[in-house]
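Student:
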Amino acid sequence: MSSQPENNGINNKSPESTGPVKDASVKVVIMDSGMTARIRISPPQNGGADVTMDGLMKLLTNDNSIKNIDLMRLKSLAADPVYDDDIVVATGTNAVNGTDGTVTFNVRTESKGKPKEFENGKVDYFDLGIIENVGKGQTLCTLTPPTEGTPGYTVKGDIVKPKAGKPAPIVPGPNTELSPDGLRIVSKIDGQFEFDGKRVSVNETYTLNQDVDTSTGHIKVAGNLVIRGMVTSGFTIEAGGFINVVGVVDSATVRAGKDLNLQGGAIGSSISCGGSLKSRFIENCAVSVKGEMRAEYILNSTVRCKKSLKTEGVISKIIGGTCIVMQNVECRTIGSASGVKTKLEIGNDPDLIERQHTLMEMIPELEKQMKSLEPLLKLLNQLSATNRLDETKALTLEKASYTYNTNAETLENARKELEEIGSSISNKNFGKVICPGIIYPGTFVTIGSASYSVTQNLMNTSLYYHEGEIAIGAAK
Numbered sequence: 001m002s003s004q005p006e007n008n009g010i011n012n013k014s015p016e017s018t019g020p021v022k023d024a025s026v027k028v029v030i031m032d033s034g035m036t037a038r039i040r041i042s043p044p045q046n047g048g049a050d051v052t053m054d055g056l057m058k059l060l061t062n063d064n065s066i067k068n069i070d071l072m073r074l075k076s077l078a079a080d081p082v083y084d085d086d087i088v089v090a091t092g093t094n095a096v097n098g099t100d101g102t103v104t105f106n107v108r109t110e111s112k113g114k115p116k117e118f119e120n121g122k123v124d125y126f127d128l129g130i131i132e133n134v135g136k137g138q139t140l141c142t143l144t145p146p147t148e149g150t151p152g153y154t155v156k157g158d159i160v161k162p163k164a165g166k167p168a169p170i171v172p173g174p175n176t177e178l179s180p181d182g183l184r185i186v187s188k189i190d191g192q193f194e195f196d197g198k199r200v201s202v203n204e205t206y207t208l209n210q211d212v213d214t215s216t217g218h219i220k221v222a223g224n225l226v227i228r229g230m231v232t233s234g235f236t237i238e239a240g241g242f243i244n245v246v247g248v249v250d251s252a253t254v255r256a257g258k259d260l261n262l263q264g265g266a267i268g269s270s271i272s273c274g275g276s277l278k279s280r281f282i283e284n285c286a287v288s289v290k291g292e293m294r295a296e297y298i299l300n301s302t303v304r305c306k307k308s309l310k311t312e313g314v315i316s317k318i319i320g321g322t323c324i325v326m327q328n329v330e331c332r333t334i335g336s337a338s339g340v341k342t343k344l345e346i347g348n349d350p351d352l353i354e355r356q357h358t359l360m361e362m363i364p365e366l367e368k369q370m371k372s373l374e375p376l377l378k379l380l381n382q383l384s385a386t387n388r389l390d391e392t393k394a395l396t397l398e399k400a401s402y403t404y405n406t407n408a409e410t411l412e413n414a415r416k417e418l419e420e421i422g423s424s425i426s427n428k429n430f431g432k433v434i435c436p437g438i439i440y441p442g443t444f445v446t447i448g449s450a451s452y453s454v455t456q457n458l459m460n461t462s463l464y465y466h467e468g469e470i471a472i473g474a475a476k
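Counting from 1, position 381 in the sequence shown corresponds to residue 381 in the UniProt record's numbering; the numbering is continuous, with no gaps.
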């Protein structure tokens with residue numbers, strides 16, 4: 001607070017009464033932490049001088065260094081003074097505090113835990129969407145940085161510092177990082193997104209400590225997956241990395257991008273993996289393995305393995321079904337005493353064999369379709385030659401001819417492809433069947449282009465390809 005001597009801002013007038021002449025006085029008061037300047041004018045006495053605009057300006061600017069003066073208010077006071085009252089004549093500029101940083105998530109932060117609804121109104125009660133998968137390099141959230149704010153000024157021009165905003169309360173966690181500009185948090189790996197309220201993380205391995213059932217729905221993860229329970233009927237688990245299931249896989253679907261370990265075995269399920277498979281047992285399953293396969297026993301299943309297949313342990317059996325294996329098959333017991341049909345196809349790519357089987361089924365069907373069209377085409381062509389085709393029959397001829405010619409082209413290509421596959425099989429370096437125990441009658445073995453039907457018990461045997469035939473030797 002400051003004040004000014006009474007002789008400032010005065011307009012001299014002739015005395016109108018006797019007694020001491022006293023000019024108007026002006027007191028300047030600075031308040032509100034320097035943000036407000038007020039003046040109080042005391043009236044002149046006995047003809048003393050009143051305030052003037054120039055005098056008031058000099059008092060405020062020169063003597064008190066006040067800025068941001070309300071000139072309109074000052075002019076009004078000079079023209080028509082208001083006495084003995086505090087009048088605001090200048091105000092400072094308030095500082096504008098900075099804004100806090102914010103975060104906008106680009107992924108789902110909470111699991112839905114409810115059935116998936118389709119546009120047509122149908123509901124998938126097996127898909128509960130409890131996991132948010134993310135990919136390497138994916139933006140998880142976008143950050144808006146805090147602002148510093150705008151400074152203010154007192155009536156004397158002193159700077160009033162603003163309060164800076166705070167950064168968004170979020171930090172990169174494991175397997176995430178800030179982008180170079182600091183405005184995004186991105187994932188460093190393929191995995192499962194997690195947010196604990198402060199930290200953004202991506203887990204490479206998702207662990208479920210229960211069964212896969214109606215409480216979890218299907219489980220699909222970008223990284224690795226560990227199931228500490230069983231996978232119940234009708235559910236699907238899928239992972240871009242490895243999968244480890246502690247319990248039984250029962251009438252379910254399992255797809256692993258890498259290795260697959262089924263500690264409890266699998267029954268009536270569809271199993272596939274991009275790496276190796278190890279399972280306690282495989283029973284009534286469809287299995288596709290790009291790496292090696294190990295199991296205690298395989299029962300009535302269709303197996304496609306691009307490397308070697310070996311049954312281990314005390315049981316070590318393959319009974320029933322078909323095993324298509326690119327390399328060796330090692331098993332203690334193949335087939336059964338009851339003569340259950342058991343097929344082993346060795347030394348060829350399972351995908352190639354599957355395509356061969358498809359073509360072998362396709363070719364007779366195409367031939368049958370073409371043969372069924374020939375009488376119709378013969379009749380319609382005869383009518384056409386004698387100009388007796390009406391519009392309907394002409395359209396029928398056009399469609400039948402198109403179907404016949406298309407099938408003929410497809411048939412030619414299928415025969416050519418089948419021949420190429422046969423040639424490829426004939427030129428391959430084949431694997432062998434190694435059985436230190438017994439191979440029962442009812443077992444049918446194909447190695448490369450050669451086949452062998454087991455008609456009597458074979459003990460301690462190896463079967464291998466030799467000069468276009470399957471040779472029998474001792475297991476090694």
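For each residue, glycine too, the CB sits at the ideal point set by N, CA and C.
Return the chain-ordered ranges of every beta strand (DSSP E) run that is complete within the stretch 371 to 449 and spans a minimum of 3 residues.
Tutor: Complete beta strand (DSSP E) runs here, min 3: 432 to 439 and 443 to 447.
Student: Kindly provide the ranges of any beta strand (DSSP E) runs that are 3 or more residues long and lie completely inside the stretch 291 to 332, ordered along the chain.
Tutor: Correct list: 293 to 305, 309 to 311 and 317 to 325.
Student: Please give the ranges of any alpha helix (DSSP H) in the stretch 37 to 74, keeping only runs that are unbroken, at least 4 residues long and fully inside the region.
Tutor: 53 to 57, all fully within the stretch 37 to 74.
Student: Considering only their Cβ atoms, is the gap separating Lys161 from Pro146 smaller than 9 Å?
Tutor: For Pro146 and Lys161, no; Cβs fall outside 9 Å.
Student: Taking the alpha-carbon positions, what's the Thr109 to Glu177 distance?
Tutor: Going from the Cα of Thr109 to the Cα of Glu177 covers about 17 Å.
Student: Going by beta carbon distance, what residues of the same chain come within less than 8 Å of Asn457, once the five residues before and after it are set aside?
Tutor: Around Asn457: Ile438, Ile439, Tyr440 and Pro441.
Student: Just tell me which of Gln369, Thr302 and Ile346 has its CA closest to the CA of Ser308.
Tutor: Cα-wise, what sits closest to Ser308 is Ile346.
Student: Near Leu389, which residues of its chain fall below 6 Å by C-beta distance, leaving aside the five closest residues on each side in sequence?
Tutor: Closer than 6 Å at Cβ, skipping near neighbours: Leu383.
Student: Roughly how many whole angstroms lie between the Cα atoms of Leu380 and Met362?
Tutor: Answer to the nearest angstrom: the Cα atoms are 27 Å apart.
Student: Pull the bridge partners of Gln192 from the DSSP assignment, please.
Tutor: Gln192 pairs with Asn133 and Asn203.
Student: Check the C-beta distance from Gly101 over to Leu143 and give it rounded, since I have them as a contact under 8 Å.
Tutor: That pair is a contact at about 6 Å.
Student: Mind checking which residues open and close the beta strand (DSSP E) that includes Gly473?
Tutor: Taken as a continuous stretch (DSSP letters only), the beta strand (DSSP E) holding Gly473 covers Glu469 to Ala474.
Student: Using 8 Å as the threshold, is the stretch 216 to 236 in touch with the stretch 125 to 140, meaning 3 or more CB pairs across them?
Tutor: Segments in contact, yes.
Student: Using the rule of at least 16 other Cβ atoms within 10 Å of the residue's Cβ for burial, across every protein chain shown, is Ile159 buried or exposed?
Tutor: It counts as exposed.
Student: Would Thr333 and Ile319 qualify as a contact pair, given that the criterion is a beta-carbon distance under 9 Å?
Tutor: Yes, they are a contact pair.
Student: Hey, is the stretch 226 to 236 in contact with the stretch 250 to 258, meaning 3+ C-beta pairs nearer than 8 Å?
Tutor: Flag = yes, the stretch 226 to 236 and the stretch 250 to 258 touch.
Student: Report the partner residues of Thr93 according to the DSSP bridge assignment.
Tutor: Its beta-bridge partners are Tyr153.
Student: Under a three-way DSSP split, which group does Pro172 fall into?
Tutor: Reduced to three states, the DSSP call for Pro172 is strand.
Student: CA-CA distance, Ala471 and Lys290?
Tutor: Cα to Cα, the separation comes out at about 27 Å.
Student: Looking at the structure shown, is His466 part of a helix, part of a strand, or coil, going by DSSP?
Tutor: His466 falls in the strand class under three-state DSSP.
Student: Relative to the C-alpha of Glu204, which residue among Val212, Gln192 and Gly197 is closest?
Tutor: Nearest C-alpha to Glu204: Gln192.
Student: Apart from the five residues just before and just after Asn94, which ones in its own chain have a Cβ nearer than 8 Å to its Cβ?
Tutor: Within the same chain, Asn94 has close Cβ partners Met35, Gly152 and Val160.
Student: Considering only DSSP beta bridges, list what Val88 is partnered with.
Tutor: Bridge partners of Val88: Arg38.
Student: Grab me the residues of Phe195's own chain with a C-beta within less than 6 Å of its C-beta, minus the 5 sequence neighbours each way, in chain order.
Tutor: Closer than 6 Å at Cβ, skipping near neighbours: Thr109.
Student: Counting along the chain, where does the beta strand (DSSP E) carrying Val245 start and finish?
Tutor: Val245 -> beta strand (DSSP E) spans Ile243 to Val245.
Student: My output table needs one value for Leu359: the three-state DSSP class, helix, strand or coil.
Tutor: Note: Leu359 maps to helix in three-state DSSP.
Student: Excluding the 5 residues preceding and the 5 following Lys75 in the sequence, name in chain order all residues of the same chain whose CB lies nearer than 7 Å to its CB.
Tutor: So the list reads Met53, once near-sequence residues are dropped.
Student: Among Tyr402, Glu417 and Asn405, which one has its Cα closest to the Cα of Thr358?
Tutor: Selected option, being the one with the closest Cα: Glu417.
Student: If you measure between the beta carbons of Pro172 and Ile185, is that distance less than 9 Å?
Tutor: Yes, these two residues count as a Cβ contact at 9 Å.
Student: What are the boundary residues of the beta strand (DSSP E) that includes Ala256?
Tutor: Where Ala256 is concerned, the enclosing beta strand (DSSP E) stretches over Thr253 to Ala256.
Student: Tell me whether the beta-carbon of Val329 lies closer than 9 Å to the beta-carbon of Lys310.
Tutor: Yes, they are a contact pair.
Student: With DSSP run on the structure shown, which of helix, strand or coil describes Ser279?
Tutor: Three-state DSSP puts Ser279 in a strand.
Student: Measuring alpha carbon to alpha carbon, tell me which of Ile170, Lys156, Gly149 and Pro180 ends up nearest Gly137.
Tutor: Out of Ile170, Lys156, Gly149 and Pro180, Pro180 has the C-alpha closest to the C-alpha of Gly137.
Student: What are the boundary residues of the beta strand (DSSP E) that Leu225 is part of?
Tutor: Asn224 to Ile227 is the span of the beta strand (DSSP E), which, as asked, contains Leu225.
Student: Are the CB atoms of Gly313 and Glu296 within a distance shorter than 9 Å?
Tutor: Their beta carbons are under 9 Å apart, which means Glu296 touches Gly313 by this criterion.
Student: Hey, quick one: how far does the beta strand (DSSP E) through Ser270 stretch, first residue to last?
Tutor: Taken as a continuous stretch (DSSP letters only), the beta strand (DSSP E) holding Ser270 covers Ser270 to Cys273.
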